[in-house]
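23 is the number of the first residue of the sequence shown in our numbering; add one for each residue after it.
Built from N, CA and C at the ideal position, the CB exists for glycine as well.
Please read all numbers here as calculations on a predicted model, not as lab measurements.
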Amino acid sequence: MIRKNPSGDLPLIAESAYVDKTAIICGKVVIGENVFVGPYAVIRADEVDASGEMEPITIGANSNIQDGVVIHSKSGAAVTIGEFSSIAHRSIVHGPCSVGDRVFIGFNSVLFNCAVGDGCVVRHNSVVDGRDLPADFYVPSTTRIGPKTDLSQFPPVSVSASEFSEDVARTNVDLVRGYKALQNEF
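Written as structure tokens, this is what we have:
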């Protein structure tokens, strides 16, 4: 469902993107070329700041927002997902937040009030809250990173983790083409 927010903003979705019919895209949302938005995802830009303004939620080209993902923002803050990035099933990205290019966010993970650098891998069931991550940073499954977390205890992203992330992004770009081709059959 594509709909306006109470401020009257309507999503801008690239023609080459695929948005599943069960997804909800509401308000000041910009979805780039070849983006895949899976079933039951919710991308909602509807809250305003104290002056009545809001920044957009922007999804960069060739990225994928998988099944059940929720992307929202507090008080009109921006959320940006870079290019070739994957937000896996049932994750929550809550602004203010930015996710760089070629990032993988694993199943059920939560991002809030943070910036995730290019090439990062955040594995499944992890939380990043109030702490920015540098480029090529690796967060193991079930890890909680907060404002006081010592990032020096974590290894850099391995080659296999980067390759996995790139494969997920490639697969979802292929899914966009496949689902776009099927769109007229339903």
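- Within the model, the alpha-carbon separation for Ala203 versus Gly60 is close to 16 Å.
- In the pairwise beta carbon analysis, the region 172–184 is classified as not touching the region 37–54: fewer than three pairs are separated by under 8 Å.
- In this structure, Val121 lies near Ile103, with their beta-carbon atoms less than 7 Å apart.
- It is roughly 28 Å from the alpha-carbon of Lys50 to the alpha-carbon of Ser148.
- In the three-state scheme derived from DSSP, where H, G and I count as helix and E and B as strand, Ser95 is classed as strand.
- Cβ-Cβ distances below 6 Å link Leu32 to Lys26 in the same chain, with the five nearest sequence neighbours on each side left out; the list follows chain order.
- In terms of CA proximity to Thr165, Gln175 leads the group Ala157, Pro156, Gln175 and Asp158.
- If you keep only unbroken beta strand (DSSP E) runs of at least 3 residues inside the region 123–154, you get 132–138 and 149–151.
- Sequence-distant Cβ neighbours of Arg153 in its own chain, meaning closer than 7 Å and more than five residues away, are Cys136, Ile167, Gly168, Pro169 and Thr171.
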